[in-house]
Every structure is written in C-alpha cells, then in structure tokens.
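Participant:
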Ligand code: TXA
Ligand code: MG
C-alpha cells in the first residue's frame, strides 16, 4: 500500500528522491491530485499509463516550476507568455510547440510535436524545483474513474499501485486545469477547466475559440465517456424519481427530492466555485451508496459552470466500450 506523508520539507525531499528513482508519486495540485513521474524517464512515464490502466497513450500534461523551465522545452509566443504571466502558477495549461531534442521523453507528448505545460500552485512546484525536472502528471485516478481530489480518494483507487502519496488536504479547485492553445492571434479552448474562460477573455480582450472536443484532433485524450461513476447519470433533472441519488445545486427546486435515496448539494448558495471543488468528491460519495442513477439538478453554464457541465456530460455519456486491440487484430 502507498505510504501517505505530509508536505513539509522532509516530505518534499522524499518525493523528489522517489521521482528521481523512477517511482510514481501522487502529488497535490490546486486542481486535482496528480499521478506524477519524471517526464524525462520513459519507463516512469509508461508506468503512469500502466497504473491508470489507460487504454491508449494520450499526451500528458507536463508540470514545470517556473517560466524559465517552460522555456527549456517549448517555444513560447507572446500571447502565450502573457497568459503565463497572468495566470501562472494556476489552473491553466498551455499547448505549445515542443522544442526538438529536449530531455522530455516522447511518450509524454504521445509523439506529438506540441507539449502541454502547466505551472501548478503549492507544494507541487517545490517538488519540481527540488527534482529540477518537469513532472508528467495526469489526474491520480484509474482511467475512466473520477479524478482524485483528496489523498484518501487517491489511496482508495491507486494505493496498491504507487509508492507514495503526499497529503495536502482536499484540492482547492477540484476540477482539472483549463487547456488552451494559441493559434496565430486566436486562443483555442481545448478543455474547459478550473480557470473560467471569462477570466482569459477579459485579459486578451477577445472571445476564446471553442473547438469540438470530440473532433479529438487537438486534445486526443478527451474521450466522451471519461468521468464515469458506476451509477448512471441523469442531467438537468427537474423531477427526482424514487431511489435515485440527488446531486443538487443551489436551493433545491427539483420535485420529488424527498424520494431520493440520498442527496448532496454541490453548493446551497449556488456558488460555482464551491460546486467545482465538491463535484468529484460528491459524485464518488453518491456512487458509493449504490443507487442505480445519480440525478443532477441543472447547473448554469457561466464561469466554472462550463467545466462542471463538461465533466457531467462525460459522466453521463453512454458506456460504449471503445474498440480494443483484439478487435482490430
Ligand atoms: O489539472 C490538471 O490539468 C491535472 C493536474 C494533475 O495537473 N492534470 C491533468 O492531466 O488533467 P491529464 O494528463 O489527465 O490531461 C491531459 C489532457 C488530455 O485531454 C490531453 O489530450 C491534453 O491534455 N493534452 C496533453 N498534451 C496535449 C497536446 N500536446 N495537444 C493537445 N492536447 C494535449
Ligand atoms: Mg483525468
């Protein structure tokens, strides 16, 4: 079982040593917990896919401790630099041209000539600085399951597969980072996330260009059915059916709420930031109670609501198993 430690100086050294030795370490970031490996070590990066049981090699986000480290690996245009200056460290990932012949293992970018870079807040940056190498880190959860937002959730899911978990309490944001890519003068939104699109739009004085995530070209890892609890998920619910688990938002308006087998409110005050931070944890809690369906009240689409709805739509997507290697052999 994974050892769970804190985040003091000693813990940071322990984590950096384990990572330098090619081990996987679950680390807290402000968005969600990450399953981290030294991004320059191909075996360690392959271990991430193995531990997560990912069906394919999606490109991973590479975490850096400052802009200087980002410059070692990527070509940074002026607009991307402005975004970094404004929002790093924080929940924003930038997809940038990868410099040729860097130390980053090609498996991290799944062979693409671009790399997704992010500078996280908190203890993760200290670990990266101590290691002096970037960390490849997807969310710390088995592929297709809900992202881990606490050390306990990570231990439950991956504890038997990793050596070490650093516990910094519940994730502050609770949703993965927003991913953008600058394309000449336009900023493409590849994945809505913990930084609201409006905040980026306010800085650049322009609308983000939203791409169809299912076109799967810009963000090949974005499978439709991704954030999948065991229960079915019903969205925009105005009427709760007997035995369903209710995931409410704001003052409960759905009729039949008293028929719910269980209910949790993402934010009684209707605060989207609070709802984002609670989302994965509450889905997991309701899922554990064993109802066949989690009924979710409507969530507005403004601010972090865009990312919350994106995750909910994925959680509700039909579980059609994707094609396996056996089928095409
Ligand atoms: O908040 C987060 O972003 C968390 C924490 C741990 O930092 N990390 C995370 O990483 O969500 P991951 O590896 O699960 O998400 C990677 C996403 C995938 O959808 C992938 O397709 C996209 O980023 N991505 C990575 N590299 C890319 C690239 N070069 N071009 C386009 N999309 C890329
Ligand atoms: Mg994930």
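In this note's numbering, the protein residues as written are 1189 to 1517.
Think of the CB as a built atom: it goes at the ideal place given N, C-alpha and C, for glycine as much as any other residue.
In this text the structure is predicted, and so the values were computed from the model without any measurement.
Return the CA-CA distance between residue 1468 and residue 1363, expressed in angstroms with no decimal places.
Facilitator: 8 angstroms
Participant: Roughly how many angstroms lie between the CA atoms of residue 1375 and residue 1269, to the nearest whole one?
Facilitator: 12 angstroms
Participant: Spatial neighbours of residue 1475 within its chain, please: C-beta separation below 6 angstroms, excluding the five flanking residues on both sides.
Facilitator: Contacts found: 1417, 1418, 1419.
Participant: Assign residue 1489 to buried or exposed, taking buried as 16 or more other Cβ atoms, counted over all protein chains shown, within 10 Å of its Cβ.
Facilitator: exposed
Participant: Determine the closest residue to residue 1326 out of 1319, 1342, 1317, 1272, with distance taken between C-alpha atoms.
Facilitator: 1342
Participant: Considering just the uninterrupted stretch of the alpha helix (DSSP H) at residue 1240, what are its terminal residues?
Facilitator: Annotation for residue 1240: the continuous alpha helix (DSSP H) segment containing it runs 1230-1240.
Participant: Using beta-carbon positions only, say whether residue 1361 and residue 1480 come within less than 8 angstroms of one another.
Facilitator: no
Participant: Would residue 1477 be called buried (16 or more neighbouring beta carbons within 10 Å of its own) or exposed?
Facilitator: exposed
Participant: Does the distance from the CB of residue 1351 to the CB of residue 1191 come in under 8 angstroms?
Facilitator: yes
Participant: Output the boundary residues of the alpha helix (DSSP H) element that contains residue 1337.
Facilitator: Segment: none, residue 1337 is in no alpha helix (DSSP H) and carries neither H nor E.
Participant: Could you tell me the alpha carbon to alpha carbon distance between residue 1206 and residue 1213, rounded to whole angstroms?
Facilitator: 7 angstroms
Participant: Count the other C-beta atoms from every protein chain shown that fall within 10 angstroms of the C-beta of residue 1201, then say buried if there are 16 or more, exposed otherwise.
Facilitator: With a 10 Å radius around the Cβ and a threshold of 16 neighbouring Cβ atoms, residue 1201 comes out exposed.
Participant: What residue from 1353, 1399, 1386, 1382 has the CA that sits closest to residue 1371's CA?
Facilitator: 1399
Participant: My guess is that residue 1355 and residue 1339 are in contact by the Cβ rule of under 8 angstroms, so how many angstroms apart are they, rounded?
Facilitator: About 4 angstroms separates the two Cβ atoms, so the contact holds.
Participant: Report the rounded CA-to-CA distance for residue 1430 versus residue 1485, giving the unit in angstroms.
Facilitator: 15 angstroms
Participant: Comparing the CB of residue 1251 with every heavy atom of the ligand TXA, is any distance shorter than 7 angstroms?
Facilitator: yes
Participant: Quick check on the burial criterion: 16 or more other C-beta atoms within 10 angstroms. Buried or exposed for residue 1336?
Facilitator: Residue 1336 counts as buried, since no fewer than 16 other beta carbons sit within 10 angstroms of its beta carbon.
Participant: Could you name the residues of the same chain whose beta carbon sits closer than 6 angstroms to that of residue 1195, not counting the 5 residues immediately before and after it, in chain order?
Facilitator: 1311, 1354, 1356
Participant: May I have the straight-line CA-CA distance separating residue 1293 from residue 1305, to the nearest angstrom?
Facilitator: 14 angstroms
Participant: Sort out for me which residues DSSP pairs residue 1252 with in a bridge.
Facilitator: Residue 1252 is not bridged by DSSP to any residue.
Participant: Would you grab the beta carbon distance between residue 1442 and residue 1428 for me? Rounded to a whole angstrom, and I think it's under 8 angstroms.
Facilitator: 5 angstroms
Participant: Only counting runs of 4 or more residues, tell me where the alpha helix (DSSP H) segments fall wholly within the stretch 1439-1476, in order along the chain.
Facilitator: Within the stretch 1439-1476, the complete alpha helix (DSSP H) runs of at least 4 residues are 1460-1476.
Participant: Rank 1383, 1359, 1421 by C-alpha distance to the C-alpha of residue 1365 and give the top, closest one.
Facilitator: 1383
Participant: Find the nearest neighbour of residue 1233 within the set 1219, 1211, 1216, 1437, judged by alpha-carbon distance.
Facilitator: Put simply, of 1219, 1211, 1216, 1437 the residue whose alpha carbon is nearest the alpha carbon of residue 1233 is 1211.
Participant: For residue 1517, which three-state DSSP category applies?
Facilitator: Its pLDDT being 48, under 50, residue 1517 is placed unreliably in this model, and the coordinates cannot settle the point.
Participant: Quick one: which unbroken alpha helix (DSSP H) runs of 4-plus residues sit fully inside the stretch 1338-1362? Chain order, please.
Facilitator: 1339-1346
Participant: Straight-line CA distance for residue 1446 to residue 1434?
Facilitator: 10 angstroms
Participant: Reducing DSSP to helix, strand and coil, say where residue 1225 ends up.
Facilitator: strand
Participant: As a quick exercise: from 1248, 1267, 1225, 1296, pick the residue whose alpha carbon is nearest that of residue 1392.
Facilitator: 1267
Participant: Ordered along the chain, which non-local residues of its own chain (more than five positions away) have a Cβ less than 6 angstroms from that of residue 1307?
Facilitator: 1252, 1276, 1277, listed in sequence order.
Participant: Would you say the beta carbon of residue 1299 is closer than 7 angstroms to some non-hydrogen atom of the ligand TXA?
Facilitator: no
Participant: What does the alpha-carbon distance come out to for the pair residue 1249 and residue 1458?
Facilitator: Each residue's Cα considered, the two are about 31 angstroms apart.
Participant: Starting from the C-beta of residue 1189, find all residues in its chain whose C-beta is less than 7 angstroms away, skip the five residues before and the five after it, and write them out in chain order.
Facilitator: 1347, 1348
Participant: Give me, in chain order, the residues of the same chain whose beta-carbon lies closer than 6 angstroms to that of residue 1482; leave out the 5 immediate sequence neighbours on both sides.
Facilitator: Around residue 1482: 1419, 1421, 1433, 1435, 1474.
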